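Report on one structure; see the data block that follows.
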Amino acid sequence: MVFPLGDDNSDRTSFPIVNVCLIVANVAVFVLLQGFGTNESFTMAFSAVPKEIVTGKDLVTEDRQIQVQSVNGPEVVTVPGLKPTPVSVYLTLLTSIFMHGGLAHIAGNMWFLWIFGDNIEQDMGRARYLIFYLLCGILASLAHVFVSAWGPSAQIPSLGASGAISGVMGAYLLLHTNRRVTVLMVRIVMQVPGYVAVGLWFLFQLISGLGMLGGMDTGVAYAAHIGGFIAGVALAKPFMIGRTSSLASYGNVRWPRNRPEREER
3 MVFPLGDDNS DRTSFPIVNV CLIVANVAVF VLLQGFGTNE SFTMAFSAVP
53 KEIVTGKDLV TEDRQIQVQS VNGPEVVTVP GLKPTPVSVY LTLLTSIFMH
103 GGLAHIAGNM WFLWIFGDNI EQDMGRARYL IFYLLCGILA SLAHVFVSAW
153 GPSAQIPSLG ASGAISGVMG AYLLLHTNRR VTVLMVRIVM QVPGYVAVGL
203 WFLFQLISGL GMLGGMDTGV AYAAHIGGFI AGVALAKPFM IGRTSSLASY
253 GNVRWPRNRP EREER
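For the sequence shown, my numbering begins at 3 and goes up steadily by one.
Listed below in C-alpha coordinates is the structure:
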(Lines of atoms letter the chains of each structure in order from A; the text may use other names.)
(Lines give C-alpha, C1' and ligand atoms only; values in the text may rest on other atoms or scores of the structure.)
Protein backbone atom coordinates (compact mmCIF):
# COMPACT_ATOMS: atom_id res chain seq x y z
CA MET A 3 0.00 0.00 0.00
CA VAL A 4 1.23 3.51 -0.88
CA PHE A 5 0.55 6.28 1.65
CA PRO A 6 1.18 9.88 0.50
CA LEU A 7 3.10 12.17 2.84
CA GLY A 8 3.17 15.32 0.71
CA ASP A 9 3.86 16.71 -2.73
CA ASP A 10 5.92 19.47 -4.33
CA ASN A 11 4.08 22.78 -3.91
CA SER A 12 7.04 25.04 -4.63
CA ASP A 13 5.17 26.61 -7.56
CA ARG A 14 1.88 27.27 -5.76
CA THR A 15 0.95 30.95 -6.02
CA SER A 16 -2.27 31.19 -4.01
CA PHE A 17 -3.63 29.93 -0.70
CA PRO A 18 -6.09 27.00 -1.21
CA ILE A 19 -8.94 28.63 0.68
CA VAL A 20 -11.70 26.43 -0.79
CA ASN A 21 -9.79 23.26 -0.01
CA VAL A 22 -9.23 24.40 3.57
CA CYS A 23 -12.91 25.34 3.90
CA LEU A 24 -13.92 21.88 2.69
CA ILE A 25 -11.71 20.31 5.33
CA VAL A 26 -13.14 22.60 8.02
CA ALA A 27 -16.70 21.79 6.89
CA ASN A 28 -16.08 18.03 7.09
CA VAL A 29 -14.54 18.33 10.54
CA ALA A 30 -17.34 20.61 11.76
CA VAL A 31 -20.02 18.16 10.63
CA PHE A 32 -18.22 15.25 12.27
CA VAL A 33 -17.66 17.08 15.56
CA LEU A 34 -20.74 19.28 15.92
CA LEU A 35 -23.47 17.31 14.14
CA GLN A 36 -22.27 13.71 14.34
CA GLY A 37 -20.86 14.10 17.84
CA PHE A 38 -17.58 12.40 16.86
CA GLY A 39 -19.64 9.56 15.41
CA THR A 40 -21.88 9.04 18.47
CA ASN A 41 -24.98 10.83 17.14
CA GLU A 42 -26.47 7.84 15.32
CA SER A 43 -29.80 9.60 14.76
CA PHE A 44 -28.17 12.30 12.63
CA THR A 45 -25.86 9.89 10.83
CA MET A 46 -28.62 7.42 9.96
CA ALA A 47 -30.89 10.21 8.76
CA PHE A 48 -28.51 12.01 6.41
CA SER A 49 -26.43 9.14 4.98
CA ALA A 50 -27.16 7.97 1.43
CA VAL A 51 -29.19 4.75 1.28
CA PRO A 52 -29.19 3.11 -2.18
CA LYS A 53 -32.79 1.87 -1.98
CA GLU A 54 -34.00 5.33 -0.95
CA ILE A 55 -32.31 6.93 -3.95
CA VAL A 56 -33.77 4.38 -6.39
CA THR A 57 -37.32 4.48 -5.01
CA GLY A 58 -37.39 8.11 -3.89
CA LYS A 59 -38.95 6.98 -0.61
CA ASP A 60 -37.62 7.62 2.87
CA LEU A 61 -37.07 4.35 4.73
CA VAL A 62 -37.28 4.00 8.51
CA THR A 63 -36.19 0.76 10.17
CA GLU A 64 -35.97 -0.45 13.74
CA ASP A 65 -32.75 -0.87 15.68
CA ARG A 66 -31.68 -4.50 15.79
CA GLN A 67 -29.39 -6.55 17.94
CA ILE A 68 -26.84 -8.96 16.55
CA GLN A 69 -24.30 -11.28 18.14
CA VAL A 70 -20.64 -10.74 17.34
CA GLN A 71 -17.44 -12.42 18.43
CA SER A 72 -15.00 -10.40 20.56
CA VAL A 73 -11.88 -11.12 22.58
CA ASN A 74 -14.16 -11.80 25.53
CA GLY A 75 -16.41 -14.16 23.60
CA PRO A 76 -19.84 -13.60 22.01
CA GLU A 77 -21.35 -10.17 22.60
CA VAL A 78 -24.68 -8.64 21.61
CA VAL A 79 -24.44 -5.23 19.95
CA THR A 80 -27.16 -2.88 18.75
CA VAL A 81 -27.17 -1.91 15.08
CA PRO A 82 -29.06 1.37 14.64
CA GLY A 83 -31.87 1.45 12.11
CA LEU A 84 -32.53 4.07 9.46
CA LYS A 85 -33.97 7.30 10.83
CA PRO A 86 -36.43 9.72 9.17
CA THR A 87 -34.73 12.08 6.72
CA PRO A 88 -36.15 15.61 7.17
CA VAL A 89 -35.15 16.64 3.63
CA SER A 90 -35.50 15.02 0.23
CA VAL A 91 -33.71 11.67 0.17
CA TYR A 92 -31.93 12.82 -2.99
CA LEU A 93 -30.14 15.50 -0.98
CA THR A 94 -28.40 12.73 0.98
CA LEU A 95 -26.22 12.25 -2.12
CA LEU A 96 -24.72 15.59 -1.08
CA THR A 97 -25.00 15.53 2.72
CA SER A 98 -23.38 12.10 2.94
CA ILE A 99 -20.11 13.34 1.42
CA PHE A 100 -19.56 15.60 4.44
CA MET A 101 -20.04 12.81 7.00
CA HIS A 102 -17.70 10.12 8.33
CA GLY A 103 -17.87 6.93 10.32
CA GLY A 104 -15.04 7.53 12.79
CA LEU A 105 -11.83 9.38 13.60
CA ALA A 106 -9.62 7.19 11.40
CA HIS A 107 -12.06 7.60 8.51
CA ILE A 108 -12.12 11.39 8.58
CA ALA A 109 -8.40 11.72 9.38
CA GLY A 110 -7.41 9.65 6.34
CA ASN A 111 -9.80 11.43 4.00
CA MET A 112 -8.81 14.91 5.10
CA TRP A 113 -5.12 14.06 4.79
CA PHE A 114 -5.58 12.99 1.16
CA LEU A 115 -7.68 16.10 0.46
CA TRP A 116 -5.03 18.34 2.03
CA ILE A 117 -2.26 16.88 -0.14
CA PHE A 118 -4.01 16.67 -3.50
CA GLY A 119 -6.82 19.24 -3.38
CA ASP A 120 -4.75 22.43 -3.29
CA ASN A 121 -3.18 21.68 -6.66
CA ILE A 122 -6.53 21.14 -8.35
CA GLU A 123 -7.95 24.29 -6.78
CA GLN A 124 -5.16 26.37 -8.26
CA ASP A 125 -5.57 24.67 -11.63
CA MET A 126 -9.32 25.25 -11.91
CA GLY A 127 -9.85 28.32 -9.79
CA ARG A 128 -11.83 28.45 -6.57
CA ALA A 129 -15.41 28.45 -7.87
CA ARG A 130 -14.81 25.73 -10.45
CA TYR A 131 -12.95 23.58 -7.95
CA LEU A 132 -15.83 23.71 -5.47
CA ILE A 133 -18.33 22.68 -8.16
CA PHE A 134 -15.96 19.98 -9.40
CA TYR A 135 -15.52 18.55 -5.90
CA LEU A 136 -19.24 18.43 -5.13
CA LEU A 137 -20.10 17.00 -8.56
CA CYS A 138 -17.51 14.24 -8.21
CA GLY A 139 -18.89 13.42 -4.77
CA ILE A 140 -22.46 13.15 -6.06
CA LEU A 141 -21.41 11.03 -9.05
CA ALA A 142 -19.43 8.78 -6.73
CA SER A 143 -22.49 8.30 -4.52
CA LEU A 144 -24.55 7.43 -7.60
CA ALA A 145 -21.93 4.87 -8.63
CA HIS A 146 -22.32 3.20 -5.24
CA VAL A 147 -26.10 3.28 -5.58
CA PHE A 148 -25.86 1.67 -9.03
CA VAL A 149 -24.00 -1.39 -7.76
CA SER A 150 -25.79 -1.68 -4.40
CA ALA A 151 -29.46 -0.80 -4.87
CA TRP A 152 -30.62 -4.30 -5.81
CA GLY A 153 -28.43 -6.41 -3.53
CA PRO A 154 -28.03 -7.10 0.18
CA SER A 155 -26.50 -3.63 0.65
CA ALA A 156 -29.59 -1.81 -0.63
CA GLN A 157 -30.55 -0.54 2.83
CA ILE A 158 -27.05 -0.04 4.20
CA PRO A 159 -26.26 3.69 4.47
CA SER A 160 -23.06 5.02 2.96
CA LEU A 161 -21.17 8.13 3.92
CA GLY A 162 -17.78 9.79 3.55
CA ALA A 163 -15.82 12.23 1.41
CA SER A 164 -13.80 9.47 -0.26
CA GLY A 165 -15.75 9.62 -3.52
CA ALA A 166 -15.26 13.35 -3.94
CA ILE A 167 -11.58 13.06 -2.98
CA SER A 168 -11.20 10.21 -5.47
CA GLY A 169 -12.40 12.66 -8.11
CA VAL A 170 -9.72 15.11 -7.00
CA MET A 171 -7.12 12.35 -7.33
CA GLY A 172 -8.40 11.48 -10.79
CA ALA A 173 -7.86 15.09 -11.84
CA TYR A 174 -4.44 15.04 -10.17
CA LEU A 175 -3.43 12.00 -12.22
CA LEU A 176 -4.38 13.83 -15.42
CA LEU A 177 -3.11 17.32 -14.61
CA HIS A 178 -0.08 16.52 -12.42
CA THR A 179 1.25 13.37 -13.99
CA ASN A 180 4.90 14.03 -13.14
CA ARG A 181 4.59 16.12 -9.99
CA ARG A 182 6.85 14.80 -7.25
CA VAL A 183 4.90 13.07 -4.46
CA THR A 184 6.56 11.86 -1.28
CA VAL A 185 5.10 8.53 -0.21
CA LEU A 186 5.57 5.85 2.40
CA MET A 187 5.90 2.54 0.58
CA VAL A 188 6.75 -0.66 2.44
CA ARG A 189 8.20 1.34 5.37
CA ILE A 190 10.42 3.36 3.01
CA VAL A 191 9.96 7.08 2.36
CA MET A 192 10.59 7.92 -1.28
CA GLN A 193 9.60 10.33 -4.00
CA VAL A 194 7.64 9.11 -7.00
CA PRO A 195 5.87 10.82 -9.91
CA GLY A 196 2.20 11.64 -9.42
CA TYR A 197 1.08 8.94 -11.82
CA VAL A 198 2.79 6.29 -9.66
CA ALA A 199 1.37 7.54 -6.35
CA VAL A 200 -2.17 7.95 -7.66
CA GLY A 201 -2.03 5.03 -10.07
CA LEU A 202 -1.09 2.52 -7.37
CA TRP A 203 -3.80 3.90 -5.12
CA PHE A 204 -6.41 3.45 -7.86
CA LEU A 205 -5.16 -0.04 -8.63
CA PHE A 206 -5.75 -0.99 -4.99
CA GLN A 207 -9.30 0.42 -5.17
CA LEU A 208 -9.97 -1.52 -8.37
CA ILE A 209 -8.70 -4.81 -6.99
CA SER A 210 -10.61 -4.33 -3.73
CA GLY A 211 -13.75 -3.39 -5.67
CA LEU A 212 -13.53 -6.56 -7.75
CA GLY A 213 -13.11 -8.54 -4.53
CA MET A 214 -16.28 -6.97 -3.18
CA LEU A 215 -18.18 -8.03 -6.32
CA GLY A 216 -16.85 -11.52 -5.70
CA GLY A 217 -18.51 -11.62 -2.29
CA MET A 218 -15.80 -10.14 -0.03
CA ASP A 219 -17.57 -7.58 2.17
CA THR A 220 -15.11 -5.07 3.63
CA GLY A 221 -17.56 -2.36 4.65
CA VAL A 222 -15.90 0.06 2.21
CA ALA A 223 -17.84 1.55 -0.73
CA TYR A 224 -15.17 0.89 -3.35
CA ALA A 225 -17.65 1.56 -6.15
CA ALA A 226 -17.86 5.16 -4.93
CA HIS A 227 -14.07 5.44 -4.96
CA ILE A 228 -13.83 4.07 -8.49
CA GLY A 229 -16.80 6.07 -9.74
CA GLY A 230 -15.47 9.29 -8.23
CA PHE A 231 -12.03 8.69 -9.72
CA ILE A 232 -13.41 8.08 -13.20
CA ALA A 233 -15.59 11.19 -12.86
CA GLY A 234 -12.54 13.23 -11.89
CA VAL A 235 -10.57 12.04 -14.90
CA ALA A 236 -13.50 12.70 -17.23
CA LEU A 237 -14.31 16.16 -15.85
CA ALA A 238 -10.79 17.52 -15.29
CA LYS A 239 -10.18 18.79 -18.81
CA PRO A 240 -13.69 20.29 -19.28
CA PHE A 241 -13.26 22.17 -16.00
CA MET A 242 -9.91 23.45 -17.29
CA ILE A 243 -11.41 25.09 -20.40
CA GLY A 244 -10.16 28.66 -20.54
CA ARG A 245 -7.38 27.92 -18.05
CA THR A 246 -5.01 25.95 -20.29
CA SER A 247 -2.28 28.55 -19.98
CA SER A 248 -2.31 28.00 -16.22
CA LEU A 249 -2.04 24.26 -16.78
CA ALA A 250 0.93 24.68 -19.10
CA SER A 251 2.92 26.58 -16.50
CA TYR A 252 1.72 24.85 -13.36
CA GLY A 253 0.07 21.50 -13.93
CA ASN A 254 2.96 19.17 -14.76
CA VAL A 255 6.25 19.70 -12.93
CA ARG A 256 9.03 18.03 -14.85
CA TRP A 257 10.73 15.16 -13.08
CA PRO A 258 14.37 16.23 -12.53
CA ARG A 259 16.79 13.61 -13.79
CA ASN A 260 19.56 14.73 -11.49
CA ARG A 261 17.42 14.44 -8.36
CA PRO A 262 17.66 11.27 -6.22
CA GLU A 263 14.57 9.08 -6.47
CA ARG A 264 14.46 8.52 -2.72
CA GLU A 265 14.49 11.25 -0.14
CA GLU A 266 13.13 11.83 3.32
CA ARG A 267 11.26 15.03 4.00
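For glycine and all other residues, C-beta sits at the position ideal for the given N, C-alpha and C. Remember, predicted model here, so these are calculated numbers, not experimental data.
Exercise for the section: Would you tell me roughly how many angstroms separate the C-alpha atoms of A156 and V147, rounded to the nearest one? Expected result: 8 Å
Exercise for the section: Per DSSP, which residues does S72 bridge with? Please list them. Expected result: G75
Problem - 9 Å Cβ cutoff met for R182 and D60 - result: no
Handout entry: Residue from A166, T184, L96, V200 with nearest C-alpha to Q193
Key = T184
Practice task
Can you say whether Q67 is buried or exposed, counting buried as having 16 or more other CB atoms within 10 angstroms of its CB?
Solution key: exposed
Handout entry: Reduced DSSP secondary structure (H/G/I, E/B, other) of M171
Key = helix
Exercise for the section: Could you check if D120 is buried or exposed, using at least 16 other CB atoms within 10 Å of its CB as the buried criterion? Expected result: buried
Practice task
Starting from M187, trace the beta strand (DSSP E) both ways and give me its first and last residue.
Solution key: 182 to 187
Practice task
Evaluate the contact criterion for the region 69 to 77 versus the region 7 to 22: three or more CB pairs, one atom per stretch, below 8 Å.
Solution key: no
Practice task
Please report the Cβ distance between F231 and G169, rounded to the nearest whole angstrom; I am assuming they are in contact, meaning their Cβ atoms lie under 8 Å.
Solution key: 7 Å
Practice task
Could you tell me whether the Cβ atoms of A173 and I122 are closer together than 9 Å?
Solution key: yes
Handout entry: Nearest-angstrom Cα separation, counted from M46 out to F114
Key = 25 Å
Practice task
Go ahead and pull the three-state DSSP assignment for F38.
Solution key: coil
Practice task
For the alpha helix (DSSP H) containing M240, list its first residue and its last residue.
Solution key: This sequence places Pro at residue 240; Met is not what is there. Run containing P240: 224 to 241, per the alpha helix (DSSP H) assignment.
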